[in-house]
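Going by my numbering, the letters in the sequence shown line up with residues 1 to 109, in that order.
The beta carbon of each residue, even a glycine, is placed where N, CA and C say it ideally should be.
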Amino acid sequence: MPAYLKQITYRNRALLDLARFAPHCMNCGGGCEGEMVGCHSNSLQHGKGGSYKAHDIPAFLCGSCHDLIDGRTGGRGLLPREERDRIFLEAVYKTWLWLMESGRLEIAS
Ligand SMILES: [Zn+2]
């Protein structure tokens, strides 16, 4: 694990809480405002370890997609880790694009 991940794990409760304003799931497009949750990476490269969560760099997902990413299948087939990681990262990209376009996140002005 890179040293920068061992030193500081980024935490931002306010950022995670913005999930409630997401208009839909950033993976499947389903759900509606108020139903999304801020989901964390399950990759060791992103700081995940045991019961320790990765950085607060979320994807806003519905409960079904959160389960899918976390490997809770609910009777569905378990996707390979690489596919779950790919889906998560694409959802992170969509989440952050929505955060910036919606004005919920100001990076520079
Ligand atoms: Zn979904």
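Between C39 and L18 the beta-carbon gap is near 13 angstroms, outside 8 angstroms, which marks them as no contact.
With a threshold of 6 angstroms, the Cβ atom of N42 does not count as near ligand 1, since no heavy atom of the ligand is closer than that. Its chain contains F21 as the residues whose beta carbon lies nearer than 8 angstroms to that of S102, once the 5 sequence neighbours on both sides are disregarded; these appear in chain order. Its chain contains C25, N27 and C28 as the residues whose beta carbon lies nearer than 6 angstroms to that of C65, once the 5 sequence neighbours on both sides are disregarded; these appear in chain order.
If the five residues before and after E33 are omitted, its C-beta is found closer than 6 angstroms to the C-beta atoms of P23, all from its own chain and listed in chain order.
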